[in-house]
Amino acid sequence: MSSTKETAQTGDRLENLEDLYPLSPMQQGMLFHTIYAPESGAYFEQSVFTIKGQLDVGAFERAWQHMVDRHSILRSSFLWEELEKPQQVVHRRVILQIEKQDWSNLSSQDQETQLAAYIVADRDRGFDLATPPLMRIVLFRLAGDLHRFLFSRHHLLLDRWSRSVVLKEVFALYEAFRKGEGLALPPLRPYGDYIAWLNEQDQRAAERYWRASLKGFVAPTALAIDWRLSNRSTPETDYGDERILLSEPSTEQLRAFAREHKLTLNILAQGAWALLLSRYTGEDDVVFGVTVAGRPAILPGVESMVGLFINTLPLRVRMPPHMPVLSWLKGLQAQQSELQQYEYSSLLDIQGWSGVPRGVPLFESIFVFENLPVGSTYQAANNTVEFRDDRGIGSTTGYPLTVLVNPGQRLGVQVVYDRARFDDEAIRRLLVHLQMLLERLPADAEAFVSRLSPLTHLEREQILVQWNDTDVPSAPVSVQKRFEAQVERTPDAAAVIFDDQQLSYRELNRRANQLAHHLRRLGVGADVKVGIGIDRSVEMVIGVLATLKAGGAYVPLDPEYPRERMQLMLDDARCPVLLTNERVFRTLPETESAVLWLDRDWDKFASESDDNPRNEIDGENLAYVIYTSGSTGQPKGVAMTERALANLLSWQLEHAGSFPAARTLQFTSLSFDVSFQEIFSTWCSGGTLLLISDELRRDALSLLRFLDEQKVERIFLPFVYLQHLAEAVEHGGTLPAHLSELITAGEQLEITPQIAKFCGRLKDCALHNHYGPSESHVVTAYSLSRSVSDWPALPPIGRPIANTRIYILDRNLEPTPVGVPGQLCIGGASLSRGYLNRPELAAEKFLPDPFANEPGARLYLTGDLARYHDDGNIQFLCRIDNQVKIRGFRVELGEIETMLAAHPSLREAVVVAREDAKGDRKLLGYVVAASNTNEGLTRELRAYLKERLPDYMIPEAFVTVAALPLTPSGKVNRRALSALDQNEGVPAHQYAAPRTPLEEKLAEIWAKVLRRERVGISDNFFELGGHSLLATQLISRVRSAFKVELPLRYLFECPTIEELAASILEFQQKAEAHLPKAITRNTQRDAQELLARIDQLTDEQVESLLKETLAESTRN
14 MSSTKETAQT
24 GDRLENLEDL
34 YPLSPMQQGM
44 LFHTIYAPES
54 GAYFEQSVFT
64 IKGQLDVGAF
74 ERAWQHMVDR
84 HSILRSSFLW
94 EELEKPQQVV
104 HRRVILQIEK
114 QDWSNLSSQD
124 QETQLAAYIV
134 ADRDRGFDLA
144 TPPLMRIVLF
154 RLAGDLHRFL
164 FSRHHLLLDR
174 WSRSVVLKEV
184 FALYEAFRKG
194 EGLALPPLRP
204 YGDYIAWLNE
214 QDQRAAERYW
224 RASLKGFVAP
234 TALAIDWRLS
244 NRSTPETDYG
254 DERILLSEPS
264 TEQLRAFARE
274 HKLTLNILAQ
284 GAWALLLSRY
294 TGEDDVVFGV
304 TVAGRPAILP
314 GVESMVGLFI
324 NTLPLRVRMP
334 PHMPVLSWLK
344 GLQAQQSELQ
354 QYEYSSLLDI
364 QGWSGVPRGV
374 PLFESIFVFE
384 NLPVGSTYQA
394 ANNTVEFRDD
404 RGIGSTTGYP
414 LTVLVNPGQR
424 LGVQVVYDRA
434 RFDDEAIRRL
444 LVHLQMLLER
454 LPADAEAFVS
464 RLSPLTHLER
474 EQILVQWNDT
484 DVPSAPVSVQ
494 KRFEAQVERT
504 PDAAAVIFDD
514 QQLSYRELNR
524 RANQLAHHLR
534 RLGVGADVKV
544 GIGIDRSVEM
554 VIGVLATLKA
564 GGAYVPLDPE
574 YPRERMQLML
584 DDARCPVLLT
594 NERVFRTLPE
604 TESAVLWLDR
614 DWDKFASESD
624 DNPRNEIDGE
634 NLAYVIYTSG
644 STGQPKGVAM
654 TERALANLLS
664 WQLEHAGSFP
674 AARTLQFTSL
684 SFDVSFQEIF
694 STWCSGGTLL
704 LISDELRRDA
714 LSLLRFLDEQ
724 KVERIFLPFV
734 YLQHLAEAVE
744 HGGTLPAHLS
754 ELITAGEQLE
764 ITPQIAKFCG
774 RLKDCALHNH
784 YGPSESHVVT
794 AYSLSRSVSD
804 WPALPPIGRP
814 IANTRIYILD
824 RNLEPTPVGV
834 PGQLCIGGAS
844 LSRGYLNRPE
854 LAAEKFLPDP
864 FANEPGARLY
874 LTGDLARYHD
884 DGNIQFLCRI
894 DNQVKIRGFR
904 VELGEIETML
914 AAHPSLREAV
924 VVAREDAKGD
934 RKLLGYVVAA
944 SNTNEGLTRE
954 LRAYLKERLP
964 DYMIPEAFVT
974 VAALPLTPSG
984 KVNRRALSAL
994 DQNEGVPAHQ
1004 YAAPRTPLEE
1014 KLAEIWAKVL
1024 RRERVGISDN
1034 FFELGGHSLL
1044 ATQLISRVRS
1054 AFKVELPLRY
1064 LFECPTIEEL
1074 AASILEFQQK
1084 AEAHLPKAIT
1094 RNTQRDAQEL
1104 LARIDQLTDE
1114 QVESLLKETL
1124 AESTRN
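This note's numbering applies: residue 14 is where the sequence shown begins, and numbers increase by one.
Structure follows, in structure tokens:
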């Protein structure tokens, strides 16, 4: 102890040292946050009081000084530099100087303005934690009988209970001193007794409890409305504050329910918050922080002790979906009772006992149930003076979101939140949802936990009904009838062009009719499947049209597919007829189908009738079967109906603003559902379909010339191909100036710099973002405005098309609130029949629609994650199965890819999760560089992402590739990416030795603090076992070793020696650039400027300055 006291002597003379002891668990956390972000104002608390009546200022000052003398915590300071553990120092004598301001000559409005400015300035002053007192009183005289005073203090000293004790005693003392009397306050125990009690507790029992409680929990529960994280490039310290009050009847209903079932109001409020977290995160196992009073009943006199007793602990709440609400609440109360036995535990220790990695918080939101009323009035005995607590200017907690519940006459809820992370409107909605859950707990006590919804009735109506008001009463006309009607209108217009072949609508219809009649002779009719194994040609599209006219369903067999996959498709589809040509037929597996060679057998069909076949087509008949990848490796055939496709065309032609008679490129493979849209939206509107070869399709520069020469007006492209065209134009390719409509589908559209520039140069060209899985085709659409500068980086997918319903649902198939992610589910006329020959899979993915009125309505679960915007537009997020867990965090790979795509050194980027040799999952980025100079690219990308994403979302390594592999439909082929990497898995982490004296010294410090033999320059401090207490020690040693006042947060931003060394060098260079220059004679202005900032200089800088000045004067 003596050596530690000698250290304390640096801040105070030894004879003024009364006591010295460690910090409580909560104090440790507050101290860390204060050191980590000193500019944030975390845990700086202020209260404003009004004093009515004639104030005896002397008595007021004496009362406050008596309180400082009485309570040791008010005479305490805190030391941590060069110490293994921080200590609080109690000083024998501390003088509290009360500042006085006389504003009685100002108007009341000016007084309020002045007070508001003073409060801000006072907060900006902060406290030097090593110098007591860590509290201030400022007295403002507003009139002869009216005063206000500002009570500022660091939260390290007092919790709310202790603040109430202090104020009660101060006002009692004031009245006694005003009368000239003494006041014998009861004796009290010093705060040090509580610290001693803490040190006697059974830490092993606490460890067993917390390990069991948090078993399997490895990452904090992150609110899904945390939408600004990836847009933040610098730390923000702006906190917002929103509040609501429940009505008196609602509050009383909660109290009555709690009394009836022997529950506390705290448990009801905690339960509501746990439910809301569950609804917002999609998790049925959540953790948040709870603040406990921390005053052990076993300690005599604890209720009158003054200090910081509260503690914040993790509360894990599981929500079994089929448990009744009341039973669940009783279990939560029993869990809370058990937790209270270990509420003395240090959060730092609990973190070490949990599976959450060091450097990652256990929770991101805390819940505080106030046991004291927010406002209090203290009336002097003779009614001459009234002290009123006007308002508390609350401190921030260091956590992104804090919920405070005040059980007054009307239950109040306050949310304090980090504006860098949360949108104001989202927090207002959150409060309303919390209120809904609170009010529904008594009413729905017997309901299952999963059925309790946070939505208001108006929200539910808006989401389920208003935003799905898409009914179009007229029955859609069949595809065939629409086409035949167009033939009547424009028989001689060009319908299709391929190389030197061109067919008019009349000729196309004639040839399709002849083939259709022949197919009818072969037995093709309703639900009969016709395989189409033809390469890109006029015969291919004739075959499609003829199959539909015959009443059958076409099954595309892409010549690019592997033979084995084609065999699986043919075996599953069992097509009685196969349309092909000689070149493709040689690549097909053996088949028992009747084969028609459209390139050589056309004469056989020429004698058939050229009249339109007469078909009574049922909307539920099959139109096509398109195969998509299956999770088992076996392709699954999506059985699309005539009704769904007719509805799609009806919407596109009548409601989507498509340009009539457009010259349209047929770009996509026939095995991709967009090809249907390309072909028939063109033919049913009188446009011309332009076919291209596969070779031209793959050559961006040649394709651009083709688009321009052929005056193409409309194209459907996946995002990747659109990006390729935009890049090609940027590198000198021809701008296709005739384009008037760009439609993207198939994957997330990103507005990259290249696409923005490309579209900006295309005058009067509209960009549409379509969304729809193969199981439904297009179901939503979003049209971007003409002003490219206003386009978001990730455009929404829009709203549902005609006769289609979209729901965003949680895992219990309940609608999620606006802004909260959920699974996108589809209902209405756009749905396919299901999967061919896979009834069990169809039953798993197509469920009865619980929100529809019509019998037999179905709901398709897409497996896509999405959320609503305020205006009803839908934002696609990612595939649910494209979410991965990294170090326990749920990561959306698409978010990282979007950030990388915006980097000017990259053309494209894809991120995948791979396992290393140890089985740990790591992120790996595959990137296509914008130039051939890739030196330092990995370091550049890591630094770029570090400014925008949390550490766990930054890939461990990057692989530079010439191009990303694509599927035939134009999507990135993620499975093929691994073949591009020469290494098997992510390389194991290897020791990297220091390279400079600075890195060597840092490695030495790290090894000592972490108690390791050696530390490499790329080793992560927190992954090696570092935590907040060790971080404080390490930064203290770094400051001492390198003479730099490096902020604690630098270690969290730069957790490796390599990164921290670079930061230290940068820090030193900035400091040198701001060193003061010597004052020479005849430089009075410089001297004045220096004097104005003399208080900002260190003693060493002042001494250096004086030496230089003396030398200068000697020379002169």
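Glycine residues also receive a C-beta, built at the ideal position from the N, C-alpha and C atoms.
Since the model is a prediction, treat every value here as computed from it, not as a measurement.
In the DSSP annotation of this structure, Asn-634 is not part of any beta strand (DSSP E), being labelled neither H nor E. Residue burial is scored here from C-beta neighbours: Ser-1041 has at least 16 other C-beta atoms within 10 angstroms and is therefore classed as buried. When beta bridges are read from the DSSP output, Tyr-34 appears opposite Gln-101. The C-beta distance from Ile-547 to Thr-593 rounds to 6 Å, short enough to fall under 8 Å. Its Cα nearest to that of Asp-624, the residue Glu-501 stands out among Val-509, Glu-501 and Arg-576.
Counting only residues of its own chain and dropping the five nearest sequence neighbours on each side, Arg-851 has a CB closer than 7 Å to the CB of Lys-649.
Beta-carbon to beta-carbon, Leu-147 and Leu-321 are separated by about 11 Å, too far to satisfy the 8 Å threshold. The region 651-667 makes no contact with the region 702-712: fewer than 3 CB pairs, one atom from each, lie closer than 8 Å.
Each residue's CA atom was taken as its position, placing Asp-584 and Glu-438 some 55 Å apart. Shown here, Phe-435 sits in coil according to DSSP, grouped into three states, outside any helix or strand. Between Val-651 and Glu-827, the C-beta gap is not smaller than 9 Å, which leaves the two residues out of contact.
The continuous stretches of beta strand (DSSP E) do not include Lys-724, and DSSP gives it neither H nor E. Between the C-alpha atoms of Ala-879 and Val-833 there is a straight-line separation of about 8 Å. Bridge partners of Cys-838 according to DSSP: Tyr-820 and Leu-874. Judged by DSSP secondary structure, Ala-185 falls within the alpha helix (DSSP H) whose first and last residues are 173-191. Annotated as proximal: Ser-684 and Pro-569, with beta-carbon spacing under 9 Å. Under the Cβ criterion (8 Å, minimum of three pairs), the region 811-824 counts as touching the region 872-887.
Residue burial is scored here from C-beta neighbours: Gly-157 has fewer than 16 other C-beta atoms within 10 angstroms and is therefore classed as exposed. Spanning the alpha carbons of Phe-153 and Glu-52 requires a straight line of approximately 26 Å. CA-CA distance, Asp-512 to Asp-721, rounds to 15 Å. If you check the CB distance, Val-178 and Ser-317 come in under 9 Å.
A direct Cα-Cα distance of roughly 32 Å separates Ser-358 from Glu-1017. Val-543 has Tyr-567 and Val-590 as its beta-bridge partners, per DSSP.
In this structure, Asn-816 sits near Ala-842, with a CB-CB distance shorter than 9 Å. Around the C-beta of Tyr-412, 16 or more other C-beta atoms lie within 10 Å, and the residue is accordingly described as buried. Distance from the Cα of Leu-849 is smallest, within the candidate group Ala-76, Gln-100 and Ala-636, for Ala-636. Considering only Gly-835, Val-791, Val-831 and Gln-761, the residue with the shortest C-alpha distance to Pro-808 is Gln-761. When DSSP states are grouped into helix, strand and coil, Glu-1079 belongs to the helix group.
Secondary structure of Ala-806 (DSSP, three-state): coil. At the C-beta level, Leu-328 and Gln-349 come within 9 Å of one another. Counted as a single uninterrupted DSSP element, the beta strand (DSSP E) harbouring Tyr-784 occupies residues 779-784.
The C-beta distance from Ile-764 to His-783 rounds to 15 Å, too long to fall under 8 Å, and the pair is not in contact. Gly-253: member of the beta strand (DSSP E) spanning 252-258, first to last residue. Within the same chain, Glu-763, Thr-765 and Ala-922 come within 6 Å of Ala-914 by CB-CB distance, once the 5 residues on both sides are set aside. Counting along the chain, Ala-794 sits inside no alpha helix (DSSP H); it lies in the beta strand (DSSP E) bounded by residues 793-796. At a Cβ-Cβ threshold of 9 Å, Tyr-204 and Val-319 count as neighbours.
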